Structures are given as C-alpha cells and as structure tokens.
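Novice: Counting from 8, one number per residue, gives the positions in the sequence shown under our numbering.
Let me give you the structure first, and then I'll get to my questions.
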Amino acid sequence: MAAPQDPPEPRAAADTRQAELIRGAAGGDQQALAALYDATSRTVYGLLLRILADQGAAEEVLLDVYAQVWRQAADYSAARGSPMAWLTTIARSRAIDRLRRGRQERERAEPLEAFEQVAAMGASVEDDVTARERAGVVRAALSALPAEQREVIELAYYGGLSHSEIAAARGLPLGTVKTRTRLGLTRLRETLKSAYEGMR
C-alpha cells in the first residue's frame with residue numbers, strides 16, 4: 008500500500024491553479040482570465056504602485072498587464088518560472104515603459120514651460136539659451152551611458168525609486184543596482200565636467 012502523500016504546500020497549490028487559469032485564458036476562456044485577475048491582481052497592483060508611486064497610473068497599467076496576459080497566455084511556460092513570476096515580469100516591464108513615457112512627455116513639455124518661466128521672471132534671452140544648452144548636454148550625456156547604467160539612473164531620478172525598489176522592479180541584486188548607479192554617475196560627472204568647461 009502506498010504511503011499517504013502530504014497535501015501540497017499553499018504556494019505550490021496556488022501555482023498549479025494559476026497555471027491552469029493561464030491555460031484556460033490561452034484557450035479563450037474569459038472566466039479563467041477573470042479568476043486569474045481575482046487571484047493575483049492585488050499582488051501585481053502592489054508592485055505597480057511601488058514602481059510608479061501613483062495610484063491612477065498603477066490602476067491603468069494593471070489593466071494593461073492583464074490585457075497582455077490575455078494576448079500572450081499561450082506563451083506562458085511553467086519551465087521558465089511560476090505564474091506569479093511571469094505576471095510580475097510583465098508588470099515590471101509595463102511600469103517601466105510608463106515611467107519612460109512620462110519622462111519623454113516631460114522633456115517635450117520642458118521648452119514651453121521654460122519659456123513661460125523665463126518670460127515671467129524677465130530673464131534674458133542669453134540666460135534662457137544657456138539653460139537650454141545645459142539641459143541638452145545633460146540629456147546627451149545620459150543617452151551616452153551604457154543601457155544598464157542609464158536605466159537605473161532614470162528609475163532613481165525620474166521615477167523616484169530607491170535602490171531597493173529598483174532591485175525589486177528589475178529582479179536584480181541590490182549590490183548590482185548600487186554599482187551600476189555609482190558607475191553611471193561617475194561617468195556622467197566626467198562627461199558633464201568636460202562639456203561645461205567647453206561651454207565657458
């Protein structure tokens with residue numbers, strides 16, 4: 008007689024159930040997607056809120072995440088990780104895309120805002136031109152960084168994330184995030200120092 012088996016661990020049971028729901032969604036079962044959302048959206052929303060630090064944005068991106076899950080459910084493979092790991096990977100990617108779009112929108116708005124501020128303060132045209140040149144130099148220097156260094160700096164300074172939050176968002180060791188930030192900032196300082204000396 009076979010020995011009785013222990014009941015599955017709660018996490019393992021949840022993984023099994025969520026994997027079944029993803030397979031159902033892949034087959035076009037909307038009820039399966041709704042059940043997956045009910046089972047996982049609180050955790051996913053919490054991650055999005057930590058990355059975006061904005062409730063409205065987190066809610067919008069949450070809907071994008073499950074829309075992507077619906078489209079790509081057939082791509083899920085348990086061999087590459089648990090259902091929650093798959094979901095949080097999608098969520099991180101969508102949240103970081105949202106942060107980048109927000110930064111780009113702010114950059115596009117900067118010229119008009121700068122003009123309005125200069126006009127209000129009565130600053131000279133020369134001061135305005137100098138300020139724009141310096142802003143352009145900073146953006147160019149940031150763009151010249153290696154992608155992994157630029158990303159952590161953007162998340163820290165544009166997204167307002169701490170080192171530990173960046174590590175969680177990108178699935179990186181905390182030490183790696185700190186090293187990339189330090190190297191990126193050192194390189195930025197060197198580039199900006201040379202550029203500003205050339206502007207004098």
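Even glycine gets a Cβ: it sits at the ideal position worked out from N, Cα and C.
For clarity, every value in this text was computed on a predicted model and none was experimentally measured.
Just to confirm the assignment: which complete alpha helix (DSSP H) runs, minimum length 4, are found wholly within the region 145 to 203?
Specialist: Runs found: 154 to 164 and 170 to 177.
Novice: Spell out a yes or no on whether the region 69 to 85 and the region 31 to 39 are touching, meaning 3 or more CB-CB pairs, one atom from each, closer than 8 Å.
Specialist: Cβ pair count under 8 Å is three or more, so yes.
Novice: Verify whether the separation of the beta carbon atoms of L28 and A39 is less than 8 Å.
Specialist: Yes. Within cutoff.
Novice: Taking just the CA atoms, how far does Y73 sit from A26?
Specialist: Their Cα atoms are separated by approximately 15 Å.
Novice: Can you tell me the Cα-Cα spacing of R243 and T96, whole angstroms?
Specialist: Lying outside 8 to 207, the shown extent of the chain, residue 243 is not represented and no answer is given.
Novice: Nearest CA to the CA of T186: which residue from A98, I173 and D45?
Specialist: Answer by Cα proximity: I173.
Novice: Which value, in whole angstroms, describes the spacing of the CA atoms of T198 and A148?
Specialist: Taking the straight line joining both Cα atoms gives about 6 Å.
Novice: Give every residue of the same chain whose Cβ lies closer than 8 Å to the Cβ of Q156, excluding the five residues on either side of it in the sequence, and list them in chain order.
Specialist: If we look at Q156 and ignore the five residues flanking it on each side, its Cβ neighbours are R187, T188, L190, G191 and R194.
Novice: Could you check where the alpha helix (DSSP H) with Y52 kicks off and where it finishes?
Specialist: Note, Y52: alpha helix (DSSP H), Q37 to L59.
Novice: Helix, strand or coil for Y73 per DSSP?
Specialist: It is helical.
Novice: Rounded to whole angstroms, how far is the Cβ of A102 from the Cβ of L59, which I believe are closer than 8 Å?
Specialist: 6 Å between Cβ atoms; contact.
Novice: Check this for me: beta carbons of A46 and L56, under 8 Å apart or not?
Specialist: Not closer than 8 Å, so no.
Novice: Using the C-alpha atoms, what's the distance from P17 back to A86?
Specialist: If I take the Cα positions, the gap works out to 19 Å.
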